[in-house]
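Taken in sequence, the protein lines are chains A and B.
What the first sequence shows, in my numbering, is residues 16 to 452, in sequence order.
What the second sequence shows, in my numbering, is residues 16 to 452, in sequence order.
Below: one structure, written as structure tokens.
2 protein chains.
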Amino acid sequence: GRLIHLSPPALLTLGFLLLIALGSVLLKLPIASHAPTAWLDAVFTATSAVTVTGLVVVDTGTHFTLFGQVVIALLIQVGGLGFMTFAVVGAIMLGTKISFIQQRVAQEAFNQTSLDKVMQTAKAVLIYSLLIEAVGFILLTLTWQSSLGWRQASWEAFFYTISAFNNAGFALNANGLIPYVSDWGVNLIITTLFIIGGIGFTVLMDIRQKRRWHQFSTNTRLILLATLIINTVAFLLIWLLEANNPATLGNLSLSDQALAAWFQAVTPRTAGFNTLDIAAMTNASIVLILLLMFIGGGSLSTASGLKIGTFVVLMMATYAFLRQRQDVTVLKRTIPLVQVMKALSLAMTSMLLIFLGIFILDATENATFLNIVFEVVSAMSTVGLSLGLTGQLSEAGRVVVIFLMIAGRLGPLTLAYLVARPHKSRIRYADASLQIG
Amino acid sequence: GRLIHLSPPALLTLGFLLLIALGSVLLKLPIASHAPTAWLDAVFTATSAVTVTGLVVVDTGTHFTLFGQVVIALLIQVGGLGFMTFAVVGAIMLGTKISFIQQRVAQEAFNQTSLDKVMQTAKAVLIYSLLIEAVGFILLTLTWQSSLGWRQASWEAFFYTISAFNNAGFALNANGLIPYVSDWGVNLIITTLFIIGGIGFTVLMDIRQKRRWHQFSTNTRLILLATLIINTVAFLLIWLLEANNPATLGNLSLSDQALAAWFQAVTPRTAGFNTLDIAAMTNASIVLILLLMFIGGGSLSTASGLKIGTFVVLMMATYAFLRQRQDVTVLKRTIPLVQVMKALSLAMTSMLLIFLGIFILDATENATFLNIVFEVVSAMSTVGLSLGLTGQLSEAGRVVVIFLMIAGRLGPLTLAYLVARPHKSRIRYADASLQIG
Ligand SMILES: [K+]
Ligand SMILES: [K+]
Chain A
16 GRLIHLSPPA
26 LLTLGFLLLI
36 ALGSVLLKLP
46 IASHAPTAWL
56 DAVFTATSAV
66 TVTGLVVVDT
76 GTHFTLFGQV
86 VIALLIQVGG
96 LGFMTFAVVG
106 AIMLGTKISF
116 IQQRVAQEAF
126 NQTSLDKVMQ
136 TAKAVLIYSL
146 LIEAVGFILL
156 TLTWQSSLGW
166 RQASWEAFFY
176 TISAFNNAGF
186 ALNANGLIPY
196 VSDWGVNLII
206 TTLFIIGGIG
216 FTVLMDIRQK
226 RRWHQFSTNT
236 RLILLATLII
246 NTVAFLLIWL
256 LEANNPATLG
266 NLSLSDQALA
276 AWFQAVTPRT
286 AGFNTLDIAA
296 MTNASIVLIL
306 LLMFIGGGSL
316 STASGLKIGT
326 FVVLMMATYA
336 FLRQRQDVTV
346 LKRTIPLVQV
356 MKALSLAMTS
366 MLLIFLGIFI
376 LDATENATFL
386 NIVFEVVSAM
396 STVGLSLGLT
406 GQLSEAGRVV
416 VIFLMIAGRL
426 GPLTLAYLVA
436 RPHKSRIRYA
446 DASLQIG
Chain B
16 GRLIHLSPPA
26 LLTLGFLLLI
36 ALGSVLLKLP
46 IASHAPTAWL
56 DAVFTATSAV
66 TVTGLVVVDT
76 GTHFTLFGQV
86 VIALLIQVGG
96 LGFMTFAVVG
106 AIMLGTKISF
116 IQQRVAQEAF
126 NQTSLDKVMQ
136 TAKAVLIYSL
146 LIEAVGFILL
156 TLTWQSSLGW
166 RQASWEAFFY
176 TISAFNNAGF
186 ALNANGLIPY
196 VSDWGVNLII
206 TTLFIIGGIG
216 FTVLMDIRQK
226 RRWHQFSTNT
236 RLILLATLII
246 NTVAFLLIWL
256 LEANNPATLG
266 NLSLSDQALA
276 AWFQAVTPRT
286 AGFNTLDIAA
296 MTNASIVLIL
306 LLMFIGGGSL
316 STASGLKIGT
326 FVVLMMATYA
336 FLRQRQDVTV
346 LKRTIPLVQV
356 MKALSLAMTS
366 MLLIFLGIFI
376 LDATENATFL
386 NIVFEVVSAM
396 STVGLSLGLT
406 GQLSEAGRVV
416 VIFLMIAGRL
426 GPLTLAYLVA
436 RPHKSRIRYA
446 DASLQIG
């Protein structure tokens, strides 16, 4: 049929939109919520879940019934691990041959060249994800069973494991994870889940196969190093900036300060949980969080944002320029110019969308500039942190944020494929001599 | 002596710093102001004048005496037209041979290869600038003589001509040009002066020599087209966004609305005058102005910012990526990758400095995020518009803004030369395969 003629990115986008539509209908059902849910709120919630953002216009814990919450968890799981993985693995299990179209879809999603490798990858993604989630689920259940009882503990463990591993940031409590600010078990389990989920599957597979640092690929070492550096710097800065703020870290013990600073340092890329009141943090911390949200997590992960690899390439290109080096290098490897160009274009596209989002929301919303900037970056990087604007958004504003969440999760690459097919011009124009800088 | 060993950019920077030091001492003199001027305020004012920014911590018209105001005008003229031009032309006039070092300085500044061409350019810059300023001075004097009398009219015309042509944005009135919001003569003379000053001398020379559109260089046509498009879009958007705002355009006649919208659309790149109360504009307009300030004017002009050419290259690179074209093209010319890399690096360096400025001011100042972002972008692009923060800056904040104005005017290229010499590595590392996006 006509579907055959759709390009892989178009198919991916269509799948996302269908999943959001299905989720919206399910969340709109009377059994999904205690009070009626407006269509726009149902679509917003479904979009937030499928794009693993975590921005909410209604409180997940009190507005939705257990049925509604299970729907949200499943939307997160399917959206996060990717309906692509599900489709490919499902096709393998059913023993059917993968059509040419599906094959191309899979290749697009996993950036691999061989179909075998795609299937292997898809299977591995699913198996390892479920294994990691199982461990997280057991640990969280054990942690919570004494206070909540087995039944409630296992349900909340189920929800939070999915929400954390998929970097969704949905919480069952309107205060997020603030009640657990000093709970080392909950903090370490949840941050471990979302850091593993957000670092990228090729990195995880490389670690699992090679096991030794010097055998890791350049990409793996780069992502691990960059993650370590970014997390450490963010941790120290947030601790420093909030240590004397009585509304955040000020009244905690030294060890609890470290724990909360750690959580707030790692959650913006792009889990979106919070154990502190973000709006009560100092302005400098909030600006730092803005940058962290923009950077985002690893490629081929449940995290979104610009991506760590892209950010490092941009930084190294700038460094090479400032040092006046001819080659852009990192870890004794040269970054090809075409990679730098790709990173540049991704960053520019993201920034243009962020600028447009800020510009439009500034016209439609009656809110401070900071709240709007924060909301737009949070939506575009599918983080889900907010300074409180989400619930007060006008209808136009909700539509804008829905669009940003979808654009942010699909990413500029997919959007690019939607508007154009690769094009090799037959005309090669003479070089221009332009004045720059 | 030792000066011989300084690189051209270091010499340029040193010259700037010496000019600022000289200006600070002159402005600190008792005869320069009616009330004593603090050292930090003198340095701030001198820096703002030499970097043609126009941010002020004391009111130019009431705090400084005529002597002080003349000092400010001269600092603007020397800083704006460039002490480089003065030095080169001065050397020619004195008939002395230009030393090898001066030759390299001149080449660096004008991006030309032959010394003869440098001298020609330097001479042309000075002659045409003074000619244009002379015309502006006469027209403004004639405009103001009926209301102010010849003496005061000629003095104000002298000051505003220098301030406008050099894109400095200094005004003799605390309200800027707000009193002239409906004055077509003043508006058209001053916008023409700062647009000509800010478009770049090579463009002006090209227009003067070729006279016909199809003979213009690609660079000239690109800059003219981009300027036209950016100014037109900004003009229409600001008119639209402010038409119903009683604090700005709302109470003006339709023709005066057009005039004021035009003025506010062209002043952010990077003249910095205002005929409306910027702080009273809608948030959407302010966000648009932020973008315009960031873009800035033409290369080799009295304007600063990222520069129009750089912005266009970034836009075309992103467009090529989204359309999946192999070559980045504009006006049927290919933009070499090395140009794109340069544009990318300039933009990244500017954005890093802007981010750092926002981060630090957020820690040192008690101000809204918007006011801080606006102040930092305005200082870094040497625009001089403000939402009112400048006068309330802490001492630390003033130091940060002084640094931003100098960094913004010298530009990332000069800063790059200061930290490193061109470096061709003997080692060529193997290509890395990194995940991006
Ligand atoms: K999230
Ligand atoms: K200015």
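By construction, the Cβ of each residue, glycine as well, lies at the ideal position given by its N, Cα and C atoms.
Among the options, nearest to residue i - alpha-carbon criterion
i	options	result
N246 of chain B	B:L269, B:T217, B:Q279	B:Q279
S360 of chain B	A:G320, A:L433, A:Q339	A:Q339
L321 of chain B	B:I350, B:L42, B:L408, B:T285	B:T285
L433 of chain A	B:A139, B:L42, B:F336	B:F336
L303 of chain B	B:S365, B:L385, B:L346	B:L385
G83 of chain A	A:T317, A:F185, A:V201, A:M308	A:F185
D446 of chain A	B:I210, B:I350, B:L70	B:I350
T317 of chain B	B:E380, B:A358, B:A295, B:L425	B:L425
E390 of chain A	A:A411, A:E410, A:V416, A:M366	A:V416
W54 of chain A	A:L42, A:T379, A:V65	A:L42
V345 of chain A	A:L96, A:W277, A:S232, A:L208	A:S232
Y334 of chain A	B:M330, B:L352, B:L307, B:A362	B:A362
T379 of chain B	B:G412, B:V398, B:G399	B:G412
L207 of chain B	B:A382, B:E148, B:F370, B:G38	At residue 207 of chain B the sequence reads Thr, which differs from the Leu that was named. Nearest C-alpha to T207 of chain B: B:E148.
L465 of chain A	A:A294, A:P261, A:L251, A:G287	Outside the modelled stretch of chain A, which goes from 16 to 452, sits residue 465 of chain A, for which no answer is possible.
T68 of chain B	B:L419, B:T429, B:F173	B:L419
L219 of chain A	A:T235, A:Q230, A:I204, A:H229	A:T235
I205 of chain B	B:W254, B:I153, B:R226	B:I153
L157 of chain A	A:A172, A:Y143, A:L146	A:A172
I35 of chain A	A:L141, A:T66, A:K357, A:L239	A:T66
M395 of chain B	B:L307, B:Q230, B:L33, B:L81	B:L307
Exposure label - residue i; buried when at least 16 CB within 10 Å
i	result
F31 of chain B	buried
S161 of chain A	exposed
N259 of chain A	exposed
Q347 of chain A	Looking at the sequence itself, residue 347 of chain A is Lys, so the reference to Gln does not match. Counting Cβ neighbours within 10 Å, K347 of chain A comes out exposed, since fewer than 16 surround it.
P51 of chain B	exposed
R443 of chain B	exposed
L368 of chain B	buried
L109 of chain A	Low per-residue confidence applies at L109 of chain A: pLDDT is 42, beneath 50, and the placement is therefore not dependable, though the value from the model is reported in the following sentence. Exposed, by the Cβ-count rule.
W165 of chain B	exposed
D14 of chain A	Residue 14 of chain A lies beyond the range of chain A shown here (16 to 452); nothing can be said about it.
N454 of chain B	Residue 454 of chain B falls outside the range modelled here, since chain B spans only 16 to 452, and no answer is possible.
A189 of chain A	exposed
Q341 of chain A	exposed
P261 of chain A	exposed
I142 of chain A	exposed
9 Å Cβ cutoff, residue i in contact with chain E
i	result
Y143 of chain A	Structure shown: chain E not included; protein chains present are A and B.
| field | Lining residues of ligand 4 - beta-carbon closer than 6 Å to any non-hydrogen atom, in sequence order | value | This structure does not include ligand 4; its bound ligands are ligand 1 and ligand 2.
| query | Given 8 Å as the limit, is there contact between the stretch 197-207 of chain A and the stretch 268-279 of chain A, that is, 3 or more CB pairs closer than that? | reply | yes
| query | Looking at C-beta atoms only, is the number of pairs between the stretch 68-87 of chain B and the stretch 51-60 of chain B that lie closer than 8 Å three or more? | reply | yes
| query | Touch check for the stretch 313-333 of chain B and the stretch 322-330 of chain A: three-plus C-beta pairs under 8 Å? | reply | no
| task | Evaluate the contact criterion for the stretch 45-58 of chain B versus the stretch 388-407 of chain B: three or more CB pairs, one atom per stretch, below 8 Å. | result | no
| Contact between the stretch 293-310 of chain B and the stretch 360-376 of chain A: three or more CB pairs below 8 Å? | yes
| Counting pairs of Cβ atoms below 8 Å between the stretch 168-183 of chain B and the stretch 86-99 of chain B, do you hit three or more? | yes
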